[in-house]
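Single-structure report; data block below.
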Amino acid sequence: MAEAVSGSSLGLVRIVINGKPALLRAIAKALEFPDWFGENWDALEDCLTDLSWCEADGHVLLFEGIGALALDERGTLIEVLASAAQFWAGQGKPFFAVFIDPGRALELPDLFREA
268 MAEAVSGSSL
278 GLVRIVINGK
288 PALLRAIAKA
298 LEFPDWFGEN
308 WDALEDCLTD
318 LSWCEADGHV
328 LLFEGIGALA
338 LDERGTLIEV
348 LASAAQFWAG
358 QGKPFFAVFI
368 DPGRALELPD
378 LFREA
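Heads up: the sequence shown begins at 268 in the working numbering, then just goes up one per residue.
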């Protein structure tokens with residue numbers, strides 16, 4: 268993934284999920300959220316649809332450990348990320364969330380599998 272983004276103006280951040288509170292802090296740290304970030308889902312969506320403090324022309328968020336979240340939290344995270352992706356698509360800026368999920372916690376079909 269890093270090789271694919273290397274040389275582009277996209278920002279790549281890797282986030283290891285260890286439960287909701289740690290996840291929110293990790294995203295905030297990786298994307299350098301402002302001090303007013305409230306460490307909840309609504310505040311996450313607010314910050315992900317702003318990012319005015321970031322210099323990158325787009326963002327790739329690489330998540331590992333989705334199984335550490337409760338099922339409802341997984342759904343909420345995906346909804347927040349989808350909302351942010353839709354917002355940035357309307358602005359003509361790339362925003363991607365990639366999940367490394369070897370344990371198949373998301374129960375999604377593989378779109379890509381390394382040999």
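The C-beta atom is built at its ideal place from N, Cα and C for all residues, glycine as well.
So, are the CB atoms of Leu329 and Leu279 less than 8 Å apart? yes
Contact under 8 Å by Cβ, Glu331 with Ile294: no
Three or more C-beta pairs below 8 Å linking the region 296-309 and the region 350-358: no
Within the same chain, show all residues whose beta-carbon is closer than 7 Å to that of Gly274, passing over the 5 residues directly before and after it, in chain order. Any reading at Gly274 must be qualified, since the residue scores a pLDDT of 45, below 50, and its modelled position is unreliable; the value itself is stated next. Cβ neighbours of Gly274 beyond the five flanking positions: none.
Looking only at C-alpha atoms, which of Lys287, Ile282, Arg281 sits nearest to Gly342? Lys287
Between Cys321 and Leu298, how many whole angstroms is the CB-CB distance? I'm expecting something under 8 Å. 7 Å
Between the Cα of Gln358 and those of Ile282, Thr316, Ala289, spot the shortest distance and give me the residue it belongs to. Thr316
Taking Phe362 and His326 to be in contact with their CB atoms under 8 Å, please state how far apart those CB atoms are, rounded to whole angstroms. 5 Å
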